[in-house]
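Participant: Just so you know, the sequences run in chain order U and G. Read left to right, the first sequence gives residues 88 to 604 (the working numbering). Read left to right, the second sequence gives residues 88 to 604 (the working numbering).
Protein chains: 2
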Amino acid sequence: MEKWRAADRLLKFSSRFASAVNWNNSCKSKQGKYFYSVATTVHRNPLFSIISPDDISYFKTLLGERGVVQDALALDAANTDWMGKYRGSSKLLLQPKNTEEVSQILKYCNSRCLAVVPQGGNTGLVGGSVPVFDEVIINVGLMRNILSFDKVSGVLVCEAGCILENLISFLDDEGFIMPLDLGAKGSCQIGGNVSTNAGGLRLLRYGSLHGSVLGLEAVLANGTVLDMLGTLRKDNTGYDLKHLFIGSEGSLGIVTKVSILTPPKLSSVNIAFLACEDYTSCQKLLLEAKKKLGGILSAFEFLDSDAMSLVLKHLDGVRNPLPPSIHNFYILIETTGSNETFDKENLEAFLLHSVESGLVANGVLAQDINQASSFWHIREGLPEALMKAGAVYKYDLSLPLEKMYDLVEEMRVQIGPAAKVVAYGHLGDGNLHLNISAPAYDDNILAKIEPFVYEWTSKNRGSISAEHGLGLMKAAKIHYSKSPETVQVMASIKKLLDPNGILNPYKVLPSSLLSQN
Amino acid sequence: MEKWRAADRLLKFSSRFASAVNWNNSCKSKQGKYFYSVATTVHRNPLFSIISPDDISYFKTLLGERGVVQDALALDAANTDWMGKYRGSSKLLLQPKNTEEVSQILKYCNSRCLAVVPQGGNTGLVGGSVPVFDEVIINVGLMRNILSFDKVSGVLVCEAGCILENLISFLDDEGFIMPLDLGAKGSCQIGGNVSTNAGGLRLLRYGSLHGSVLGLEAVLANGTVLDMLGTLRKDNTGYDLKHLFIGSEGSLGIVTKVSILTPPKLSSVNIAFLACEDYTSCQKLLLEAKKKLGGILSAFEFLDSDAMSLVLKHLDGVRNPLPPSIHNFYILIETTGSNETFDKENLEAFLLHSVESGLVANGVLAQDINQASSFWHIREGLPEALMKAGAVYKYDLSLPLEKMYDLVEEMRVQIGPAAKVVAYGHLGDGNLHLNISAPAYDDNILAKIEPFVYEWTSKNRGSISAEHGLGLMKAAKIHYSKSPETVQVMASIKKLLDPNGILNPYKVLPSSLLSQN
Ligand SMILES: Cc1cc2nc3c(=O)[nH]c(=O)nc-3n(C[C@H](O)[C@H](O)[C@H](O)COP(=O)(O)OP(=O)(O)OC[C@H]3O[C@@H](n4cnc5c(N)ncnc54)[C@H](O)[C@@H]3O)c2cc1C
Ligand SMILES: Cc1cc2nc3c(=O)[nH]c(=O)nc-3n(C[C@H](O)[C@H](O)[C@H](O)COP(=O)(O)OP(=O)(O)OC[C@H]3O[C@@H](n4cnc5c(N)ncnc54)[C@H](O)[C@@H]3O)c2cc1C
Chain U
88 MEKWRAADRL LKFSSRFASA VNWNNSCKSK QGKYFYSVAT TVHRNPLFSI
138 ISPDDISYFK TLLGERGVVQ DALALDAANT DWMGKYRGSS KLLLQPKNTE
188 EVSQILKYCN SRCLAVVPQG GNTGLVGGSV PVFDEVIINV GLMRNILSFD
238 KVSGVLVCEA GCILENLISF LDDEGFIMPL DLGAKGSCQI GGNVSTNAGG
288 LRLLRYGSLH GSVLGLEAVL ANGTVLDMLG TLRKDNTGYD LKHLFIGSEG
338 SLGIVTKVSI LTPPKLSSVN IAFLACEDYT SCQKLLLEAK KKLGGILSAF
388 EFLDSDAMSL VLKHLDGVRN PLPPSIHNFY ILIETTGSNE TFDKENLEAF
438 LLHSVESGLV ANGVLAQDIN QASSFWHIRE GLPEALMKAG AVYKYDLSLP
488 LEKMYDLVEE MRVQIGPAAK VVAYGHLGDG NLHLNISAPA YDDNILAKIE
538 PFVYEWTSKN RGSISAEHGL GLMKAAKIHY SKSPETVQVM ASIKKLLDPN
588 GILNPYKVLP SSLLSQN
Chain G
88 MEKWRAADRL LKFSSRFASA VNWNNSCKSK QGKYFYSVAT TVHRNPLFSI
138 ISPDDISYFK TLLGERGVVQ DALALDAANT DWMGKYRGSS KLLLQPKNTE
188 EVSQILKYCN SRCLAVVPQG GNTGLVGGSV PVFDEVIINV GLMRNILSFD
238 KVSGVLVCEA GCILENLISF LDDEGFIMPL DLGAKGSCQI GGNVSTNAGG
288 LRLLRYGSLH GSVLGLEAVL ANGTVLDMLG TLRKDNTGYD LKHLFIGSEG
338 SLGIVTKVSI LTPPKLSSVN IAFLACEDYT SCQKLLLEAK KKLGGILSAF
388 EFLDSDAMSL VLKHLDGVRN PLPPSIHNFY ILIETTGSNE TFDKENLEAF
438 LLHSVESGLV ANGVLAQDIN QASSFWHIRE GLPEALMKAG AVYKYDLSLP
488 LEKMYDLVEE MRVQIGPAAK VVAYGHLGDG NLHLNISAPA YDDNILAKIE
538 PFVYEWTSKN RGSISAEHGL GLMKAAKIHY SKSPETVQVM ASIKKLLDPN
588 GILNPYKVLP SSLLSQN
């Protein structure tokens, strides 16, 4: 499990680094706020009230002193996002201890027209988890009880403030795993994961949270508690409302409890690192792997030669796993199964066949846990390597598999020699992490990337956000991925469930669609 | 593939049988309609218009003669459900050829306040697919084109009228399978499957349609076409609206296109038939199977001794697979993998260990396709055996695994010697098919079953419909499975998307919640 530790170190490192580099990307005026990287001006909604001493008294009576945080240092942290790119100016952070308190808080805020931001571990990457102006921050981090675990069905029920890593450890003792895992697991909360529909490293094997979350409890803007906390795998009684909340980024309700189907922990994990000479071979290899490795395939990650060169240059202690040259593409394959011997032989046979058929140019199967984690380190170290290399423009795209690498190549032509285009991602999920690495942030470069990247993605029916959500960063860009009619229905559902628009304003949907008239 | 054929034969048989037995369960009056088995009176909504010659002319101009069916025989079939239990009196069946026509039909019906029933293969089991009164029937069966199939990602895009079996055959040639399969596959349409969130025989392995359906196109009551037809595995841009339509039983929109992730066809299938002496052992065996068989476990079905006795008595040519005695419980395990030798050895080792540890009292591994299909025939022949045994009250329940069999035992006490309680189902999914088999339908027996079965299910946080939906049969019973607040939100979403309530009225939600004032 070395690889996760590496990712957590990265988390700390990048956080510091990002604050230093990007800090002045956002600048405030009295009325509006301009975000450099998104070229969007957001104005405070004048219908929202400003917090008063009476409000504070109310919350203190409701939550006690501990639940009402006004301390400058704590507020500073809660106002600033993980990248140091977005910063709000909230004066109040509330920490409810149970659903009833969340309900009372929202009921009050709704009646007073006080805007709120639900915040989890604050590891989101699209500016969704911090206030834009003076919204009240609500963090359910004190609600961190595991409510039940059924060893037969594997169903875990817990409060939304549970840290993902704690759930993983808890399940480990029971012989189970969470169906999702991410680099931010040491900080992110399951409620935040659900609210962003987080993808992560196990999606290829265990599917999305729409499949594994069995139930939710959520509190609506007016304080109504929606008990959708089923623990059943099958339930066809009416509309399955929980899906509205999965991925709604705190804009429809606050998630307070989660019920989730967890898979048993399997004992045999094997990892191979392979080289392919062209993108077509990568695609074919994926198809073959799905067929031949069937149920045991648990990761199929890819990186291109620029990504590999970057890692070799900027990450300490990383060596080329397939020397001497750099190949055009690399694939990391992981299998997870229940039978050491069979699984390994299975993977070996698959690799041998792939080499013989010419799909794979070269490859190596990890012989021990150290080698395995050194392979993962290459793939997972990419964000860190990019940070070290200078300025980086990051795009998290879903694209039809056959088109995915065309974008990378077109982007190279589009950008020219001014910047490097570095591609990697979850090939098995059709998720491309497209990074443009430049010596420094530069408006000329940005102008070559946007809107080109969004338009290209849209033209090819891709998604401008595979896993990170829209947040503040891409709220106004939703039309690149969704049809106007669909966005209109989203807006009407938002208005239906949150008529005053107090829940996470300015995020997810274009503000123009949500205005009262 | 013997087993599916058996299921299709059953479909034809049961249909005839059911008409004969249940026919006069529903009786009409001018104003209201009383359904014997649900003890619910439904009144025609007087706000709905009655079809006029002008309407017919409009539809003929729009769809051509072929698209407007008024023939008595065809209407009779479309007015009658698969069980012969529900019967409407619609005078008009429309058959649009494309989304634009569906849109025009709905726009017109909405403006005229003409109620409609979307109908697929009409194999639904809860009275959802037929009119209650004179609603216009809309069947998208002519929209049966496969629009695209991507061999690398396995994503199939097709029109909603495609018959499930045709999709299965199409994929078979491509080396893929549908992630769902059901006994009704020869008739049911993929649009109907999506609209009922059908479960079926592969759910344990491939999850629910909320996981595998990647995108939809649906037409709202006012004719608006919602293009949510993504083909991406990951897309976090706004609320994932398609989930509202999955399982909404035609009450929110007409599904016109479907995009679905299909798994590759795997070559090695193994089937074992086992006996356990108590329910606890069945549960433990499931847990072990999930752990030891990991990714290859594809079915875990159970039946009790009463179920086995019934099959042996009423189904021709079935022999006790584990003679001489009848055991308390039977489990059918299926594995599907990619490696013949490994998979078989894996299953054998698992079975051996289960026998040694005492979980399994006796067992047999199918040696060839004939033996395999004879095992499946026992499990799949149960509905037929029940029909032959006399009258049967059927309940499709989800229950927490550890409680599931308690209900069966309590039901036996509750009913006494007047009827037999027969239990089987998808244990791996927590789905119990509870059947009360009696010599004849009898109000005294029904009074002992209902509301007891619903109350018990509700008390134990189960679902009163695991896979069949609510339809007309259980619309008024939704409160047994969903909280009042949740049902209220469902009703407000229904009103938002279908303000005139023209889409499949009287179904899914209690009519009282949907009245205009
Ligand atoms: C190092 C690193 C690696 C990452 N890797 C991945 C990855 O592999 N895959 C991936 O998908 N993401 C990844 N992310 C992004 C991020 O971690 C996820 O989006 C995560 O799910 C956010 O959880 P959180 O608790 O930190 O939520 P926050 O960041 O606090 O909030 C995120 C959004 O959810 C809302 N929210 C939070 N809690 C609740 C609640 N209880 N109720 C309602 N709304 C709520 C917020 O309002 C906000 O809009 C990564 C981030 C980092 C820093
Ligand atoms: C022998 C047999 C075995 C079965 N086995 C299973 C099983 O294992 N698992 C399971 O879950 N179900 C099972 N069923 C029930 C049934 O087959 C499924 O519910 C199936 O998905 C219905 O599909 P259909 O096309 O026949 O829809 P229909 O019966 O025509 O309609 C069902 C509902 O969906 C709506 N609908 C249909 N098409 C559309 C559309 N295009 N747009 C919007 N709404 C639409 C209708 O209004 C209705 O409410 C079985 C039924 C039979 C007869």
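Glycine is no exception: its CB is placed at the ideal position from the N, C-alpha and C atoms. Only a predicted model underlies this, so the values are computations on that prediction, with no experimental measurement involved.
1) Near GLN206 (chain G), what residues of its chain come up, given a Cβ to Cβ distance below 6 Å and the 5 sequence neighbours on each side ignored?
2) Measuring alpha carbon to alpha carbon, tell me which residue in U:LYS272, U:GLN276 and U:ILE250 is nearest LEU288 (chain U).
3) Start and end of the alpha helix (DSSP H) containing GLU497 (chain U)?
4) Can you confirm whether ILE551 (chain U), when its beta carbon is compared against all beta carbons of chain G, has any partner nearer than 8 Å?
5) Looking at ASN415 (chain U): is its Cβ nearer than 8 Å to the Cβ of LYS490 (chain U)?
6) For my contact list, VAL306 (chain U) and GLY340 (chain U) are in at a C-beta cut-off of 8 Å; report their separation, rounded to the angstrom.
7) Within its chain, find whatever has a CB closer than 6 Å to the CB of VAL204 (chain U); leave out the 5 residues flanking it on each side and keep chain order.
8) So for PHE539 (chain U), helix, strand or coil by DSSP?
9) One question on the structure: do ILE610 (chain U) and LEU557 (chain U) come within less than 8 Å of each other, judged by their Cβ atoms?
10) Determine the DSSP secondary structure at LYS178 (chain U), reduced to helix, strand or coil.
11) Closest to ASN280 (chain G) by CA distance: which of G:GLY175, G:TYR145 and G:MET265 is it?
12) Can you find the residues in the same chain that come closer than 7 Å, C-beta to C-beta, to ILE551 (chain G), ignoring five residues on each side of it along the sequence?
13) Give a yes or no on whether the minimum CB-CB distance between TYR541 (chain G) and chain U is below 8 Å.
14) Report the neighbours of ASP365 (chain G) on chain U: residues whose CB is nearer than 9 Å to its CB, in chain order.
15) By a C-beta neighbour count over all protein chains shown, 10 Å radius and 16 as the cutoff for buried, is GLU388 (chain U) buried or exposed?
16) Step through the CB atoms of chain G and report whether any lies within less than 8 Å of the CB of HIS330 (chain U).
17) Could you name the residues of the same chain whose beta carbon sits closer than 6 Å to that of ASN518 (chain G), not counting the 5 residues immediately before and after it, in chain order?
18) With the cut-off set at 8 Å, would you say GLY334 (chain G) and ASN323 (chain U) are in Cβ contact?
19) Name the chain U residues whose beta carbon is nearer than 8 Å to that of GLU537 (chain G)?
20) At a threshold of 7 Å, does GLN182 (chain G) count as lining ligand 2 (C-beta to nearest heavy atom)?
21) Quick one: does the C-beta of THR186 (chain U) sit closer than 7 Å to a heavy atom of ligand 1?
22) Using a Cβ distance threshold of 8 Å, determine whether the stretch 228-247 of chain G contacts the stretch 161-181 of chain G, with at least three qualifying pairs required.
23) Considering Cα atoms alone, identify which of U:ASP168, U:VAL447 and U:ILE138 is closest to ASN197 (chain U).
24) What runs of the alpha helix (DSSP H), each 4 residues or longer, lie entirely inside the stretch 336-380 of chain G?
25) Buried or exposed for ASP168 (chain U), please, with buried defined as at least 16 other CB atoms from any protein chain shown within 10 angstroms of its CB.
26) So which residues of chain G does ARG289 (chain U) contact, with C-beta pairs closer than 9 Å?
27) Mind checking THR75 (chain G): buried by the 16 CB within 10 Å criterion, or exposed?
28) Check whether the Cβ of SER274 (chain U) lies closer than 7 Å to any heavy atom of ligand 1, and answer yes or no.
29) Quick one: Cα of PHE135 (chain U) to Cα of SER602 (chain U), how far?
30) Please return the same chain residues whose Cβ sits closer than 7 Å to the Cβ of VAL398 (chain U), not counting the five positions on each side in sequence.
31) What number of angstroms, rounded off, separates the C-alpha of ASN309 (chain G) from the C-alpha of SER190 (chain G)?
32) Please report the residue range of the alpha helix (DSSP H) in which THR186 (chain U) lies.
33) Rank U:GLY445, U:ILE523, U:GLU443 and U:MET498 by C-alpha distance to the C-alpha of ALA476 (chain U) and give the top, closest one.
34) Rounded to whole angstroms, what is the Cα-Cα separation between TYR366 (chain G) and LYS507 (chain G)?
35) What residues are listed by DSSP as bridge partners for ASP403 (chain U)?
36) Please report how far the alpha carbon of LEU488 (chain G) lies from the alpha carbon of ASP516 (chain U), in whole angstroms.
Facilitator: Once the coordinates are examined:
1) SER216, ILE224 and ASN226
2) U:LYS272
3) 488-502
4) yes
5) no
6) 6 Å
7) PRO218, GLU222, ILE224 and ASN591
8) helix
9) A query on residue 610 (chain U) cannot be resolved here, the shown segment of chain U reaching from 88 to 604 and no further.
10) coil
11) G:MET265
12) LEU484, TYR541, THR544, LYS561, LYS564, TYR567 and SER568
13) no
14) Under the 9 Å cutoff, chain U gives no residues; its nearest Cβ is about 14 Å from ASP365 (chain G).
15) buried
16) yes
17) SER485, GLY512 and ALA553
18) yes
19) Those within 8 Å of GLU537 (chain G) in chain U number zero; the least Cβ separation is about 16 Å.
20) no
21) no
22) no
23) U:ILE138
24) 366-379
25) buried
26) Result: empty, since nearest Cβ-Cβ is about 13 Å, beyond 9 Å.
27) Residue 75 (chain G) is absent from the model: chain G starts at 88 and stops at 604.
28) yes
29) 12 Å
30) VAL405, ILE465, GLY468, LEU469 and ALA472
31) 8 Å
32) 186-199
33) U:ILE523
34) 19 Å
35) In DSSP, ASP403 (chain U) forms no bridge with anything.
36) 32 Å
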